[in-house]
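Below: the structure, in structure tokens.
2 protein chains.
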Amino acid sequence: MTTAAIIGGGVIGGGWAARFLLNGWDVRVSDPDPEAERKINEVLANARRSLPGLGNVALPPEGSLSFHGSIKEAVEGAEWIQESVPERLDIKQKVYGELQAHCAPDAIIGSSTSGFKPSELQNGRENPGQIVVAHPFNPVYLMPLIELVTTPANPTGVIDRAKEIITAIGMFPLHLKKEIDAHVADRFLEAVWREALWLVKDGIATTEEIDNAIRYGFGIRWAQMGLFDTYRVAGGEAGMKHFMAQFGPCLSWPWTKLMDVPEFTDELVDLIAGQSDEQSGHIPIREMERIRDDNLVGMMRALGANDWGAGALQNKHDLGREGEAGLVRSVDEIADISQPVLTQSRVVPLDWTDYNGHMTESRYLDAFAQSTDRLMMIIGCDTDYIANGGSYFTAETHIRHIDEVHAGDAIQVKTRVIMGAGKKMHLWHEMYAGDRLLATGEHMLLHVDLKTRRSAPPAAHIETNLVKLAEAHAVLDAPEGLGRAIGAPR
Amino acid sequence: MTTAAIIGGGVIGGGWAARFLLNGWDVRVSDPDPEAERKINEVLANARRSLPGLGNVALPPEGSLSFHGSIKEAVEGAEWIQESVPERLDIKQKVYGELQAHCAPDAIIGSSTSGFKPSELQNGRENPGQIVVAHPFNPVYLMPLIELVTTPANPTGVIDRAKEIITAIGMFPLHLKKEIDAHVADRFLEAVWREALWLVKDGIATTEEIDNAIRYGFGIRWAQMGLFDTYRVAGGEAGMKHFMAQFGPCLSWPWTKLMDVPEFTDELVDLIAGQSDEQSGHIPIREMERIRDDNLVGMMRALGANDWGAGALQNKHDLGREGEAGLVRSVDEIADISQPVLTQSRVVPLDWTDYNGHMTESRYLDAFAQSTDRLMMIIGCDTDYIANGGSYFTAETHIRHIDEVHAGDAIQVKTRVIMGAGKKMHLWHEMYAGDRLLATGEHMLLHVDLKTRRSAPPAAHIETNLVKLAEAHAVLDAPEGLGRAIGAPR
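Protein chains in written order, with the numbering used here: chain A, 1 to 490; chain B, 1 to 490.
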């Protein structure tokens, strides 16, 4: 068990506390603010909600959290000390004096400063080598980036240990070997902020329009590849040097007329093209394109599940497509009630495939579950009904995989109501690619009261609709495989 | 059926062609480049791979694609004409002359220009009202943003119709009512590009370090909320005005010393705070935080599935956690072979829940499938083995849901080998939250040859390991529910 001291609570200190605690460290907090404990616990609540499930492997048991009246008490036994006090050099200098009077000489002191250079923090200290800048990004409990800025005063051992600890709590140490005001990332944020202020002031765009320009455009691109890799792919086979020759010091005349730009020498072009080759030259451009597209699709679909941003746009587009795709929203809209109901018509998305090169098994159930949702909507168990406290829970599922299907293939699901009386709903889904049967899904659901979480009868109109479908489908031959158990002979 | 003319192929024209074609429009291309057809077909191949599966509803049947030797021929019957010729005003002017000599007077002519203002394109034209800027982002077939820039010469009807068509092909028209060089988004890209050139030139950071600063930091944030909403949330309950008072015209002294910044008057603060309130004031900050975290987790997990960017960092972190979490990678590492094998220890992620407020049914199968993958690895069917052409495909699955579980809850899966001889692998998974049984999964898999996609015997070491586990587990009582069918009495 290891111990971290958090000097200065608030949103940033709280985020650091969460990173350490949820990765098994004991955390000792010192902050004169009487609200510090409340503030840190609020951040912790958010962190506990989101961080432990971020990965696919459980984190260790949480460490212990304690609050201390003095810096002296807080730094006792601490291996890492994170300073997140206000951005004033005189305050920081005072805190560092107190820290170093009491902490272990081999403890690492990281500063969350977004503006000061590490040399400014080390200046005048007896043991400057233990002080580094470790600049995090909000929300600290989820964003992996740490700008680790060091000076020649920091011994290699301290730098290596800092990287190790940052990595151990699930973050990425971006080691900047040359210090500069505001490090790297915030210089970009500053440039964008300044441009945004002009656009709003000049009435070109509102804050909402600017935010949409970002999140529907380059923001999504930058979530997976940065500036240079993005342009590398855009430049295509001709490569980074060609891209730069084409666009030069400004991406296009005359946008930079007011700005100070570096002289665009051959040396600068070679420097950038060479670094870009070293960064990503091992991946062919065609493959970079596919990686980019896989990432964009995956992220937009993740946003779609939250009905937010670019994903919400796509959901709206889907909604407008339903009719033409043959999907209905009520029993009355079904053209021929005697036949299984079309409950899904889609193309297998890129993020539904696995290492075997085909649609992965859990996505068959994802598709069947979406078909069940559609059938629920059709019988009247829609968003409003669910918001009022009634829904169906799946009790049992039996899936048989009959044939493979791949990303980009069109699939359809047709659904039969085997039984629908009282609390029970027994469904039979068949998934097709054209005439090719891919899989069957047999599902037993129970109507529940969402308050008691127990089974309860559905509203009358739902049972009526369900019985109507069940009776219409009862005249069809029983589906092959219905009621089968695994391992039972056909 | 509607028709679009694409004037100028290449990556941008090809992306437009794909957007229209895959949304059911006929597309007529004109480009003097003899390589245009090849280039457009390459973009189309990427688009067909990624776009149709982006949403959850099938797109209409593809329109027809044709290539034409003249602009005259291409624009015949076109309702939308998209110009993506080189960024030289004299070339564009010449093309517009030819376009307008032959196109319908009520067709809309959109320009992909990233730099020119619409008035510069409209200047001197007989019918300026049909010309708008419709600036897309690469890859055009996936990125939703279109900067739609108009002038007073554009009638309301043209603007409305342009928005309607852009929306109909699944994109987002960001209507900029006041024109400016480079519109909005590229002004930000330009500011970041300029700053990046300085950082590389001055040896502060390499292209790779800059890209990492972006994609592990603000890039992911901006994929879901833009600049202003991000700062609104960071500012907390005190609101946007407080945030601005705190940070002022520069995010922190002295980063902007070389730059021209707007005077930071009360009017500007009120303007921005007021717009931000209008944009997102209806969502409480606490809810904004949760939305942000849901989005970040969903996107990072999507990147993790592709082992890329911030998701790849998390995968590496997971790997380092396996041992402490009690997970093993081979039969020899299993402490007590007579007991079910621990094949998963995790926390339910935020993106695994649904409208019923609990873990959604397909994620039970996702978890069981990951446990099957772990068991495959343990018996020797690992990444290398699969790369060499052997694997297991699931034939049948039977899941019983016994109890609910929620995001943030720790879950474990224990796995028994019921039968493992020859090509068959019969598994029984039990999912627990502590001692509480949540679900059982019974799975029949077949070993396959990935080249023939048919069942085939596994390698000897795999069968040996499987038999070893099956024999050890055979002495345990048969699990309750094994071999059961849906609807069968207990």
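Beta carbons: idealized from backbone N, C-alpha and C, even for Gly.
At a CB-CB cut-off below 8 Å, which residues of chain B make contact with residue i?
i: proline 349/A; result: Gly53, Leu54
i: glycine 170/A; result: Leu313, Gln314, His317
i: leucine 176/A; result: Ile204, Ala205, Glu209
i: glutamine 93/A; result: Correct list: empty, because the minimum Cβ distance to chain B is about 17 Å.
i: lysine 423/A; result: By Cβ distance, chain B contributes nothing, its closest Cβ being about 14 Å from lysine 423/A, past 8 Å.
What are the boundary residues of the alpha helix (DSSP H) that residue i is part of?
i: proline 173/A; result: Not the alpha helix (DSSP H): proline 173/A falls in the beta strand (DSSP E), residues 172 to 176.
i: leucine 99/A; result: 89 to 102
i: glutamine 370/B; result: 361 to 379
i: serine 119/A; result: 118 to 122
i: alanine 302/B; result: 285 to 305
i: glutamate 164/A; result: 156 to 168
i: leucine 268/A; result: 266 to 280
i: arginine 215/A; result: From DSSP, arginine 215/A is part of no alpha helix (DSSP H); its letter is neither H nor E.
i: isoleucine 462/B; result: 460 to 474
i: alanine 312/B; result: 309 to 321
i: leucine 227/B; result: 227 to 235
i: asparagine 56/A; result: Where asparagine 56/A is concerned, there is no enclosing alpha helix (DSSP H), given that its DSSP letter is neither H nor E.
i: glutamate 73/B; result: 71 to 74
i: alanine 220/B; result: The sequence shown places isoleucine at residue 220/B, rather than the alanine named in the question. 219 to 222 is the span of the alpha helix (DSSP H), which, as asked, contains isoleucine 220/B.
Quick test of your reading: residue i and residue j, contact by CB under 8 Å. State the CB separation rounded to the nearest angstrom.
i: methionine 444/B; j: glutamate 396/B; result: 4 Å
i: alanine 58/A; j: tyrosine 141/A; result: Between tyrosine 141/A and alanine 58/A the Cβ distance is about 17 Å, and since that is not below 8 Å, they are no contact.
i: glycine 298/A; j: alanine 305/B; result: 6 Å
i: tyrosine 392/A; j: leucine 450/A; result: Contact doesn't hold; Cβ gap of about 10 Å is too wide.
i: methionine 507/A; j: arginine 221/A; result: Because residue 507/A is not part of the residues shown, which for chain A are 1 to 490, the question remains open.
i: serine 338/A; j: histidine 429/A; result: Incorrect: roughly 18 Å between the Cβ atoms, too far for contact.
i: valine 192/B; j: alanine 191/A; result: 6 Å
i: phenylalanine 20/A; j: glycine 63/A; result: 7 Å
i: methionine 225/A; j: aspartate 211/B; result: 7 Å
Tell me where the beta strand (DSSP E) around residue i begins and ends.
i: alanine 421/B; result: 410 to 421
i: tryptophan 80/A; result: 80 to 83
i: alanine 182/A; result: First-last for alanine 182/A: undefined, no H or E at that position.
i: threonine 343/A; result: 341 to 347
i: alanine 433/B; result: 424 to 433
I want to verify the contact list: residues of chain B whose CB lies under 9 Å from the CB of residue i, in sequence order.
i: isoleucine 108/A; result: The premise fails here: isoleucine 108/A is roughly 20 Å from chain B at the closest Cβ pair, so nothing lies under 9 Å.
i: methionine 376/A; result: Per Cβ cutoff of 9 Å: no residues; methionine 376/A is ~10 Å from chain B at best.
i: glutamate 83/A; result: Those within 9 Å of glutamate 83/A in chain B number zero; the least Cβ separation is about 16 Å.
Looking only at DSSP bridge pairs, what is residue i linked to?
i: arginine 400/A; result: Thr440/A, Glu396/B
i: threonine 3/B; result: Asp26/B
i: isoleucine 576/B; result: Residue 576/B lies beyond the residue range present for chain B, which begins at 1 and ends at 490; the question has no answer from this structure.
i: aspartate 449/B; result: Gly390/B, Arg454/B
i: leucine 148/A; result: Ala134/A, His175/A
i: serine 66/A; result: Arg28/A
i: threonine 353/B; result: Met359/B
i: alanine 485/A; result: Ala485/B
Mind pulling the chain B residues with CB within less than 7 Å of residue i?
i: lysine 117/A; result: Those do not exist, as lysine 117/A stays about 11 Å from chain B at its closest Cβ, beyond 7 Å.
i: methionine 300/A; result: Leu54
i: phenylalanine 243/A; result: Within 7 Å Cβ-Cβ: nothing; phenylalanine 243/A doesn't reach chain B, min ~11 Å.
i: isoleucine 486/A; result: Glu396, His398, Glu442, Met444, Gly483
Please list, in chain order, the chain A residues whose beta carbon lies closer than 9 Å to that of residue i.
i: aspartate 366/B; result: Thr360, Glu361, Ser362, Arg363, Leu365, Asp366
Under a CB-based cut-off of 7 Å, is residue i close to chain E?
i: tyrosine 432/A; result: Absent from the structure is chain E; the protein chains it does hold are A and B.
Which residues in chain A sit within 8 Å of residue i, going by Cβ to Cβ distance?
i: glycine 408/B; result: Arg48, Arg49, Pro52, Gly53
Which residues, in order along the segment 181 to 193 of chain A, keep a beta-carbon less than 7 Å from a beta-carbon of chain B?
Flagged, chain order: Asp181, Ala182, Val184, Ala185, Asp186, Arg187, Phe188, Leu189, Glu190, Ala191, Val192, Trp193.
Along the segment 275 to 296 of chain B, what residues have a CB closer than 9 Å to any CB found in chain A?
Correct list: Gln275, Ser276, Glu278, Gln279, Ser280, Arg286, Glu289, Arg290, Ile291, Arg292, Asp293, Asp294, Asn295, Leu296.
Got a sec: which bits of the segment 306 to 338 of chain A sit with their beta carbon under 9 Å from any beta carbon on chain B, in order along the chain?
Per Cβ criterion, the list reads Asn306, Trp308, Gly309, Ala310, Gly311, Leu313, Gln314, Asn315, Lys316, His317, Asp318, Leu319, Gly320, Arg321, Glu322, Glu324, Ala325, Gly326, Leu327.
Give, in chain order, every residue of the segment 136 to 163 of chain B whose Cβ lies closer than 8 Å to some Cβ of chain A.
The residues in question are Phe137, Asn138, Pro139, Leu142, Met143, Pro144, Leu145, Glu147.
Anything in the segment 29 to 62 of chain A with a Cβ closer than 8 Å to a Cβ of chain B? List those residues in chain order, please.
Listed in sequence order: Asn46, Arg48, Arg49, Ser50, Pro52, Gly53, Leu54, Gly55, Asn56, Val57, Ala58, Leu59, Pro60.
Any C-beta of chain B within less than 8 Å: which residues of the segment 6 to 29 of chain A qualify?
The segment 6 to 29 of chain A vs chain B, Cβ under 8 Å: Val11.
Give me the subset of the segment 213 to 226 of chain B whose CB atoms are less than 8 Å from a CB atom of chain A, sorted by chain position.
The segment 213 to 226 of chain B vs chain A, Cβ under 8 Å: Ala213, Ile214, Arg215, Tyr216, Gly217, Phe218, Gly219, Ile220, Arg221, Trp222, Ala223, Gln224, Met225, Gly226.
Members of the segment 452 to 485 of chain B near chain A, C-beta cut-off 8 Å:
Cβ contacts with chain A come from Arg453, Gly483, Arg484, Ala485.
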